[in-house]
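For the sequence shown, the working numbering gives the first residue as 33, with consecutive numbering after it.
Remarks on the structure that follows.
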Amino acid sequence: MTAAAMPVGVQAAIKIQHPGFTLDVDLALPGQGVSALFGPSGCGKTSTLRAIAGLERAPGARVLVNGEVWQDDALNIFKPVHQRPLGFVFQEPRLFAHLDVRGNLEYGLRRVPAAQRRVSLDQAVELLGIGHLLTRRPAALSGGEQQRVGMARALATSPRMLLMDEPLAALDAARKREVLPYLERLHRELDIPVLYVSHAIDEVARLADHLVLMEQGRVRASGPATQVLTQLDLPLAHGEAAAAVVQASIAGFDTDYQLLHADFDGGRFSLPYARDAENKLRLGQAVRLRIAARDVSLTLVHQQDTSILNILPGTVAELAADGQSQVMVGLKIKETRLLASVTRRSADLLGLHVGQPVFVQVKSLSVDYSGLR
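What follows is the structure, encoded as structure tokens:
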């Protein structure tokens, strides 16, 4: 196969049988960006990650990463984990206690011959913001700092793929808020695929470009996160956590009212921004908006004299029951998908039906745009 014909992306066909559980997945994922494996505990997310890494041998499996064959039993190819150019970040950072931060990073760097290094130590340090920690031992670091060092060490191996197994699961809420911006920065600045395992939907909505929903060892759905999160035939689009993700870009600022304007293909959202974030924001900057279904309301006419700033024309695309008293409404604003959770009474009073034009109302204060991209 010529270099030009080599497939771009991650392909993984894996079947592993354990007593009482069978993992059987066939994945086709993008060759860059963040792909998330999401699902309840025990659905096979970590087993899939371990098989891709070569930590668990899956007989008959096939694993290709951007044209490079890591395993193909039909061709008698199996690269052990130390021969796979990957970085692995676990729930626990697993730092060497007897080494300071610099020593831990240099350990990762030494795994890669100098001629094959694509990420320098300085680059890894700068990306994770750990320059002030280099002389400290792991015991002197917070949980969030330890995890950032673990990520930097994984990057120091110049991986062609980064595997992350619930890297925030062991952190409290404050430490998660500390680490998430660095994960977003990795996404923005790395040109390698990242496979991210999580059972926290807020992390997935904030980070993932591609979403794989797993259930009982199998793939139930796989596709762009913006699509999978809003499919009414999937559980992610129901309940209190249901939310849509909108890809937008910063179009302007209203400094008098401390509002930023974010444009997307269906119009514009206006939302407040904190003064301490001003130096992080710039015109044209990509931003990911997360809009919960419970924060979206619908009207049949454009409302006047209202406190709601974001009122956009849309169309009802789908309707589905959401419990006994509520209806989940799938909406389209141009090509952007949103969700609205309304009571059955409201749906009946408005006469909601597929194809119906509506006005979509979103309170500015309810839009989560913490995931700047």
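From the three backbone atoms N, C-alpha and C, an ideal C-beta is built for every residue, glycine too.
Nothing here was measured: the structure is a model prediction, and the numbers come from that model.
7 Å Cβ shell around residue i - same chain, five flanking residues per side excluded
i      : result
Val229 : Leu69, Lys77, Thr78, Leu81, Met196, Asp197, Glu198
Ala156 : Leu137, Ala184, Leu187, Ala188
Arg217 : Leu159
Lys395 : Asp327, Ile340
Phe53  : Gly249
Lys364 : Gly346, Thr347, Ala349
Gln148 : Ser190
Ala83  : Ile46, Ile48, Ala90, Ala93
Cys75  : Met246, Glu247, Gln248, Gly249
Ala37  : Model confidence at Ala37 stands at a pLDDT of 47, short of 50, so the residue's coordinates are unreliable and nothing is read from them.
CB-CB length for residue i against residue j, believed under 8 Å
i      : j      : result
His242 : Pro256 : 6 Å
Leu330 : Val390 : 5 Å
Asp235 : Leu200 : The amino acid occupying residue 235 in the given sequence is Glu; Asp does not appear at that position. About 6 Å; that satisfies the 8 Å criterion.
Leu194 : Val226 : 5 Å
Gly176 : Val211 : 5 Å
Val57  : Asn98  : At roughly 19 Å, the Cβ-Cβ gap does not stay under 8 Å, so Val57 and Asn98 are not in contact.
Leu239 : Val66  : 5 Å
Ala280 : Leu321 : 6 Å
Ala353 : Val361 : About 11 Å; that fails the 8 Å criterion.
Glu247 : Gly71  : 6 Å
His219 : Ser73  : That pair is no contact at about 25 Å.
Ala325 : Ala372 : 6 Å
As assigned by DSSP and simplified to three states, the class of residue i
i      : result
Asp460 : Here the chain covers residues 33 to 405 and nothing more, so residue 460 does not appear.
Arg142 : helix
Gln279 : strand
Ala36  : Confidence at Ala36 is low in this model, with a pLDDT of 44, below 50, so its placement is unreliable and no value can be given for it.
Gln62  : The residue you asked about is not Gln; residue 62 is Pro in the sequence shown. Looking at Pro62 - three-state DSSP - the assignment turns out to be coil, as it is neither helix nor strand.
Pro191 : coil
His334 : coil
Glu216 : helix
Arg326 : helix
Glu210 : helix
Thr258 : helix
Gln317 : coil
Gln393 : strand
Ile48  : strand
Glu221 : helix
Asp406 : Not covered by the structure: residue 406. The range shown for the chain is 33 to 405.
Lys312 : helix
Ala237 : helix
Glu247 : strand
Val386 : coil
Ser378 : helix
Pro72  : coil
Gly298 : coil
Arg405 : Any reading at Arg405 needs caution, since the residue's pLDDT is 41, under 50, leaving its predicted position unreliable; the model's value is listed next. Looking at Arg405 - three-state DSSP - the assignment turns out to be coil, as it is neither helix nor strand.
Environment of residue i [buried if 16+ CB atoms lie within 10 Å]
i      : result
Pro191 : buried
Arg185 : buried
Lys312 : exposed
Leu141 : buried
Asp223 : exposed
Pro339 : The sequence given here has Ser at residue 339, not Pro. Under this definition Ser339 is an exposed residue.
Thr287 : exposed
Thr375 : exposed
Ser357 : exposed
Asp332 : It should be pointed out that residue 332 corresponds to Leu in this sequence rather than to Asp. So Leu332 counts as exposed.
Lys366 : exposed
Gly284 : exposed
Gly18  : The structure shown has nothing for residue 18, since the chain only spans 33 to 405.
Gly119 : buried
Tyr401 : buried
Leu292 : buried
Ile109 : exposed
Gln377 : In the sequence as presented, Gln is not what sits at residue 377; that position holds Arg. Its Cβ having fewer than 16 others within 10 Å, Arg377 is exposed.
Arg209 : exposed
Neighbourhood of residue i by C-beta distance below 6 Å, restricted to the same chain and skipping five residues each side
i      : result
Gln388 : Val348
Lys111 : Trp102
Ala253 : Leu245, Val260, Leu266
Pro125 : Gln178, Gln179, Gly182
Arg116 : Gly86, Trp102
Arg10  : Since the displayed the chain opens at 33 and closes at 405, residue 10 lies outside it and no answer follows.
Gln43  : Ala60, Leu96
Val113 : Ala85, Gly86, Leu87
Contact set for residue i: own chain, Cβ-Cβ below 8 Å, skip 5 residues either direction
i      : result
Ala129 : Arg169, Pro170, Ala171
Gly163 : Val157
Gln64  : Leu222, Asp223, Ile224, Pro225
Ala379 : Leu351, Val359, Val361
Leu397 : Leu303, Pro304
Tyr214 : Leu159, Leu160, Gly161, Arg180, Met183
Gln123 : Asp197, Glu198, Pro199, Ala201, Ala202
* To do: Jot down the residue ranges of each uninterrupted beta strand (DSSP E) in the stretch 74 to 149, minimum 3 residues, whole runs only, in chain order.
  => 94 to 97, 100 to 104, 118 to 121
* At 4 residues or longer, and completely inside the stretch 145 to 175: list those alpha helix (DSSP H) runs for me, N to C. => 153 to 160
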